[in-house]
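Here's the structure we're looking at; comments come further down.
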Amino acid sequence: MFRIPNVVLYIIAGVTVGAVLSLTRVDEERPADPPGAAALQQAADRLANVPGIVDLLATCPADAWLSRVDMAAGDIWQQGACLSDFDGCLEACVAGNSATACRTTARAIELSDDPYAMDPAIDLSRRQAYALACALGSASGCTNRAAALRNAAQVAPDPLSDLTQWARDLCLYRSFSSACDAGSEWGCAMSGQSYQLGEGTTRDNARARVQLLRACEGSTGVEPEDTAHAPCRFARNLLASIEES
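Quick note, the sequence shown lines up with residues 443 to 687 if you use our numbering.
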């Protein structure tokens with residue numbers, strides 16, 4: 443099976459870590475005061491004590507998707523407000539079952555420190571928050587949970603990393619595909635890449651094009667440099683590489 447050379451994969455992974463794990467919209471801003479050490483530790487402690495979190499973290503995002511939707515409350519937290527109030531956001535996630543709050547809690551944790559130097563408990567907490575977001579109905583949460591497994595620095599042990607390479611790739615493929623079907627543009631972009639690489643599925647450039655184009659639905663021309671358009675920019679770059687191969 444054809445595989446893209448490692449050096450190319452590293453470049454792709456670098457782009458993806460910076461982009462896929464930044465599923466904020468253009469109207470979201472980095473918090474002026476990212477969570478401090480005490481707030482991060484509190485988040486780690488509270489997320490670690492969420493009932494069923496150990497099993498949820500060990501579940502492929504494709505299977506965790508909507509598994510807790512019966513617990514989800516009305517999601518009144520706007521993303522920008524969530525980023526500016528970490529304590530309230532954490533509370534809305536762990537006590538209020540807010541999918542958006544869980545996803546943005548994970549994002550705020552990522553903004554707080556260098557992911558490659560993150561304390562293992564803090565690294566684990568962001569993965570737990572994404573897993574919760576996915577289970578509560580956030581397609582972007584599922585995408586980020588899978589993308590973190592695939593591309594992000596892993597400081598804490600991740601139970602899904604213990605899967606065989608084949609099983610892990612299959613989980614990623616299924617997760618990105620499901621997230622795409624649920625409306626995640628990044629899910630579509632990553633699903634297209636799975637087809638391009640033959641990761642968890644048969645290498646299929648025709649199918650890759652379909653998924654990559656889905657990441658750009660509603661976009662035209664050259665997208666501006668903001669996070670709202672990052673999935674389409676990433677997809678267009680992959681489409682160009684397919685055409686050149």
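We put the CB at the ideal spot given by N, CA and C, even for glycine.
**OP:** Compute the distance between the beta-carbons of C576 and A485, then report whether it is under 9 Å.
**Re:** no
Subject >> C-alpha gap between S582 and G629, whole angstroms >> reply: Taking the straight line joining both Cα atoms gives about 7 Å.
**OP:** Below 6 Å CB to CB, which residues in the same chain sit around R587 once its five sequence neighbours on both sides are set aside?
**Re:** Excluding positions up to five away in sequence, the list reads P503, Y572, A573, C576.
**OP:** State yes or no: is the C-beta of G634 within less than 9 Å of the C-beta of Q653?
**Re:** yes
Original post:
At which residues does the alpha helix (DSSP H) containing E685 begin and terminate?
Top reply: 672-686
Subject >> Where N593 sits in the DSSP three-state scheme >> reply: helix
Subject >> Cβ pair C674, A650 closer than 9 Å >> reply: no
Original post:
Taking the alpha-carbon positions, what's the L532 to T547 distance?
Top reply: Approximately 6 Å, taken between the alpha carbons.
**OP:** Pair every Cβ in the region 536-544 with every Cβ in the region 474-481, then say whether three or more of these pairs are closer than 8 Å.
**Re:** no
Original post:
Around the Cβ of N593, are there at least 16 other Cβ atoms within 10 angstroms (buried) or fewer (exposed)?
Top reply: N593 is buried by the Cβ-count criterion.
Original post:
Which first and last residues belong to the alpha helix (DSSP H) in which C606 is found?
Top reply: Per the sequence presented here, residue 606 reads as Thr, with Cys not at that position. From DSSP, T606 is part of no alpha helix (DSSP H); its letter is neither H nor E.
Subject >> Proximity below 9 Å, CB of L602 to CB of C613 >> reply: yes
Original post:
Is it true that the CB of M632 sits closer than 9 Å to the CB of A393?
Top reply: As shown, the chain starts at 443 and ends at 687. That puts residue 393 outside it, with no answer to give.
Subject >> Neighbourhood of R616 by C-beta, 6 Å cutoff - its chain only, sequence neighbours within 5 removed >> reply: A504
Subject >> Closest residue to A648 among D623, C622, L680 (Cα-Cα distance) >> reply: L680
Original post:
Using DSSP with H/G/I as helix, E/B as strand and the rest coil, what is M632?
Top reply: helix
Subject >> Boundaries of the alpha helix (DSSP H) in which E641 is found, first to last residue >> reply: In the DSSP assignment, E641 falls outside any alpha helix (DSSP H), carrying neither H nor E.
Original post:
Are the CB atoms of A677 and L655 nearer to each other than 9 Å?
Top reply: yes
Original post:
Do you know how far the Cα of D527 is from the Cα of L553?
Top reply: 14 Å
**OP:** Select from E686, G579, A682 the residue whose C-alpha is nearest the C-alpha of V511.
**Re:** G579
Subject >> Within 9 Å, strictly: CB atoms of L499 and D600 >> reply: Cβ atoms of L499 and D600: closer than 9 Å.
**OP:** For D604, collect the residues of the same chain with a Cβ closer than 6 Å to its Cβ; drop the 5 residues on either side in sequence, then sort them by chain order.
**Re:** none
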